[in-house]
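Numbering (this note's numbering), first residue to last: 851 to 1251. The beta carbon of each residue, even a glycine, is placed where N, CA and C say it ideally should be. To start, the structure itself, in structure tokens.
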């Protein structure tokens, strides 16, 4: 009887998140479930030979998502077809003119991500449409679990979960690998907190599995951002609790997480040895300061969907430069900074406020975020990948508010 009541209480606590999340997903993916469309920008292929011969009168719906049409979705389709035949999807000579490349290794790695489950169970055209909402559900649940572990109420935790899952960085890159990695970050944070406060082997194992799932997304740039955020939070927890003996379990969980994720990290690191992406140097300046307007106005620079894109940098793209996290989220996060909290939650608040500032200043090339360029790999990675950590930090602050 006690167990059944406990499950009932958990169900009632989870209900606000599930109701709002389900309604949001039904609106976002209406064309898929109502009209049977496929969540794919593959109509862009009609702009190129030989498919241009059969080009319809309408142009491609989303010209900013060419990576998925040309690389990710075709590679994922061939990889899982080979898996079903009992072959390991390592190097595919039929793609990218047979040249080992960053995209190849990324999609080889993603074959082992838990997020890729739809590709194992469904035809490719159906799996593509389930792949997007699955990652949003995982992101929302992970953030909800983290906030509940902090002792936050069910409604506030639901608000944080929705804020994280539906942030602009995830939605503009929903068919790309960024959410595949970053969706697991709140679960990693939860396991860090548990490993510090309880120091049980189950919590260390949970941390290893959460990190392994994060690394299995294969996208190293976002994984490094999440790892930096997790390390920063771990330091804050250790400092606030003075439980220095938890450092050992945390390090063990991190090493085991790397071993779990090695099945995906291995192909990525191997490809980077011969890929131009591994030797490039990205500008440290980041986005121009007027780009801050996109925090409140996502279409400040216009949109390529309507032919109104006017960004001064001709190489700039809509998904890269839009930093919209939601006006309501920003207001709740501001309340989170002003709300009276317990000393423990107050420490969490300032930790995530600091991480958010660090992430945004890295994206805009300012101090202190600019100092992150000293970290391995940061000079070669896109600064806008730090939006994932900013979204996480703002969601936590919104839940606390």
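{"Query": "To the nearest angstrom, how far is the alpha carbon of residue 1037 from that of residue 1164?", "Result": "38 Å"}
{"Query": "With a cut-off of 8 Å, do at least 3 Cβ pairs link the region 999-1009 to the region 853-872?", "Result": "yes"}
{"Query": "At 4 residues or longer, and completely inside the region 961-1022: list those alpha helix (DSSP H) runs for me, N to C.", "Result": "967-971, 974-999, 1004-1015, 1018-1022"}
{"Query": "DSSP three-state call for residue 1131: helix, strand or coil?", "Result": "coil"}
{"Query": "Would you call the region 994-1004 and the region 1204-1212 touching, i.e. three or more CB-CB distances under 8 Å?", "Result": "no"}
{"Query": "Residues in its own chain within less than 6 Å of residue 1066 by CB, not counting five upstream and five downstream?", "Result": "962, 963, 1111, 1114"}
{"Query": "Count the other CB atoms within 10 Å of the CB of residue 1030; is the residue buried (16 or more) or exposed (fewer)?", "Result": "buried"}
{"Query": "Run the CB neighbour count on residue 1077, radius 10 Å, all protein chains shown included, and call it buried at 16 or more, exposed below.", "Result": "buried"}
{"Query": "Pull up the CB-CB distance for residue 969 and residue 930, whole angstroms please, since I reckon it's below 8 Å.", "Result": "4 Å"}
{"Query": "With 16 as the cutoff for other CB atoms within 10 Å, does residue 1172 come out buried or exposed?", "Result": "buried"}
{"Query": "What does a CB cutoff of less than 7 Å around residue 1042 pick up in its chain, not counting 5 residues either side in sequence?", "Result": "1057, 1080, 1083, 1084, 1087, 1100"}
{"Query": "For the structure I just gave you, are there three or more beta carbon pairs, one from the region 1013-1033 and one from the region 1233-1247, closer than 8 Å?", "Result": "yes"}
{"Query": "Distance, Cα to Cα, residue 1146 vs residue 934?", "Result": "45 Å"}
{"Query": "Can you tell me whether residue 1218 is buried or exposed, with buried defined as 16 or more other CB within 10 angstroms of its CB?", "Result": "exposed"}
{"Query": "How is the alpha helix (DSSP H) around residue 894 delimited, first residue to last?", "Result": "Where residue 894 is concerned, there is no enclosing alpha helix (DSSP H), given that its DSSP letter is neither H nor E."}
{"Query": "Exposed or buried, which one is residue 1144 when buried takes at least 16 other CB atoms within 10 Å?", "Result": "buried"}
{"Query": "In angstroms with no decimal places, state the Cα-to-Cα distance between residue 927 and residue 1187.", "Result": "45 Å"}
{"Query": "Locate the alpha helix (DSSP H) running through residue 1095, then write down its first and last residues.", "Result": "Run containing residue 1095: none; DSSP gives neither H nor E here."}
{"Query": "Have a look at residue 918 and residue 1091 and give me their C-alpha separation to the nearest angstrom.", "Result": "45 Å"}
{"Query": "Should residue 1181 be labelled buried (16 or more other beta-carbon atoms within 10 Å of its own) or exposed?", "Result": "exposed"}
{"Query": "Could you tell me the alpha carbon to alpha carbon distance between residue 1168 and residue 1214, rounded to whole angstroms?", "Result": "16 Å"}
{"Query": "Please identify the residue among 1109, 960, 1231, 979 whose C-alpha is closest to the C-alpha of residue 1131.", "Result": "1231"}
{"Query": "Could you compute how far the alpha carbon of residue 1134 sits from the alpha carbon of residue 857?", "Result": "50 Å"}
{"Query": "Give the range of the alpha helix (DSSP H) segment to which residue 1053 is assigned.", "Result": "1051-1065"}
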